[in-house]
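Worksheet: one structure, shown below.
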Amino acid sequence: MSDALQDLRLETLAVITGRPEHQVDAPLNQPPVFASTYVGSHTPENGDLGYGRYQNATWQALERAIGALEGGWALCYSSGMAAADAILGLLPRGSTVVLPTNCYLGVSSLVDERAAVLDWTVERVSVADTAAVLAAAKNADLVWIESPTNPTIDVADLPSLGDAVPHSAILVVDSTFATPLLQRPLTNGATIVLHSATKFMSGHSDAVLGAIVVDPVRDDLYGRLLATRKLRGAVPGVMESYLVLRGLRTLALRLERAQANAAVLAKRLTVHPHVLRVRYPGLRADPGHDVANRTMAGFGSLIAIELADAPTAEAFIDRLQLWVHTTSLGGVESTLERRRRWSTELPTVPEGLIRMSVGIEHVEDLWRDLEEGLRSA
Ligand SMILES: *Cc1c(COP(=O)(O)O)cnc(C)c1O
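Under the numbering used here, think of the first position of the sequence shown as 109, with each following residue one higher.
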């Protein structure tokens, strides 16, 4: 390898990894390969691919790219939840699981469902409370961390957790909000990183896909997960894999702009009289600021604000013209949502909390819309 291709920065890797070898007249990009099956041989072991549920060149390209960004072995799934389900599938009956008090609702519900059937003990702790996580982790088989958390934007001290969580426990980090550009949990001692690639990696609100990346020393876990994916079939769509790989190429640019916008908006929202509370780790006064400053390469583009109550929050959202009221996040477009509109959302999330996913539009247009909405709410 020439020197120019060593120690590449993540922004460069996001552009160059997961491409076919450079050959005259070969496509520069990995195209979507739509194939349910491949031409076989008498000894199936001779072919790498076999069948469309086993392997696909477009998945492999995406997995090479995500694996390179996180520093491990990636596997892609039909959704972030399918990826979460695959990880939880590693745990036998009677396991002990540590889960964040506030985390992605789907994951919390899935753990509860499995816990009821498989007699798991589930202990919920705040990811921002390192001592509490470590105390709970002592007898755990799996420690599930999400950071920053959805929807409350709490930040975990990943290096401290990675150092001190016992090696007997699988340490999972859902890093969806951070992307590999802001934190790389495997380098901090995590066993598995999870991404809902539906969000920032895709970046254009047009694909559902999940990814996990396994610590390269845990080839046992990688092998089990790969075998289970083949058998259970929670495989990603080919078109979705292509779209997410395409989205990754601009991740660094999109994130840089969205993050810069979020920093400006968070600061202005903090001094707005109608806003009771702003959670954004980039704010000096935020409880997650010091940890994020020390452990992350940026503060991300998710903000949580609290208005007085549900009716006030809803009136504000209804008056917005540019911001789109929708679930999901991490797209180029600015979106927001009062999370408690879902009856299943955790009761620890305040009624007036609005999660904002800042996009790449001009920040002054975004601010004007928010300001007008707040004035009339
Ligand atoms: C959206 C999300 C998920 C679930 O991913 P899907 O792709 O929607 O299945 C998991 N974790 C976090 C933090 C999320 O935001």
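C-beta atoms are modelled at their ideal positions from N, C-alpha and C, and glycine is treated no differently.
*Taking the C-alpha atoms as reference points, what is the distance between R326 and V432?*
41 Å
*Just how far apart, CA to CA, sit H150 and A165?*
Roughly 22 Å separates the two Cα atoms.
*Span separating the alpha-carbon of G467 from that of S436*: 12 Å
*Any chance the region 302-312 sits against the region 262-277, with 3 or more Cβ pairs inside 8 Å?*
no
*With respect to the beta strand (DSSP E) encompassing Y185, which residues constitute its N-terminal and C-terminal limits?*
DSSP places Y185 inside the beta strand (DSSP E), whose first and last residues are W181 to Y185.
*Indicate whether P455 and E414 have their beta-carbon atoms separated by less than 8 Å.*
No.
*asked:* Measuring straight from C-alpha to C-alpha, what distance separates F142 and T120?
replied: Approximately 28 Å between the Cα atoms of the pair.
*List the endpoints of the continuous alpha helix (DSSP H) containing L334.*
D327 to R340
*With which residues is L488 paired in a DSSP beta bridge?*
No information on residue 488 is available, as it lies outside the stretch 109 to 485 that the chain covers here.
_Residue from D473, T358, A240 and F285 whose Cα sits closest to the Cα of V372_ = Checked all of D473, T358, A240 and F285; the closest Cα to V372 is D473.
*asked:* Taking 7 Å as the cut-off, is the C-beta of M309 nearer than that to any heavy atom in ligand 1?
replied: False, no ligand heavy atom lies under 7 Å from that Cβ.
*Just list the beta strand (DSSP E) runs in the region 382-412, keeping only unbroken ones of 3 residues or longer that don't cross its boundaries, in chain order.*
385-387
*asked:* Just to confirm my understanding: we take Y388, look at its own chain, exclude 5 residues before and 5 after, and list those with CB closer than 7 Å. What are they?
replied: I261, A370, A374, D394, F407 and I411
*Backbone CA spacing between S144 and V132 [nearest angstrom]*: 28 Å
_Which of helix, strand or coil DSSP assigns to I253_ = strand
*asked:* One question on the structure: do V251 and A245 come within less than 8 Å of each other, judged by their Cβ atoms?
replied: Judged by beta-carbon spacing, A245 lies within the 8 Å limit of V251, meaning their Cβ atoms are closer than that value.
*Have a look at the DSSP bridge pairing and note the partners of P208.*
V233
*Separation of G155 from G439, as counted between CA atoms*: C-alpha separation (whole angstroms): 38 Å.
*asked:* For a quick check, are the C-beta atoms of V280 and L302 less than 8 Å apart?
replied: yes
*Take the Cβ of A169 as the centre, count every other Cβ of all protein chains shown within 10 Å, and call the residue buried at 16 or more, exposed below.*
buried
*Could you pull the start and end residues of the alpha helix (DSSP H) that I195 belongs to?*
G188 to L196
*T125, buried or exposed, once every other Cβ within 10 Å from all chains shown has been counted against 16*: buried
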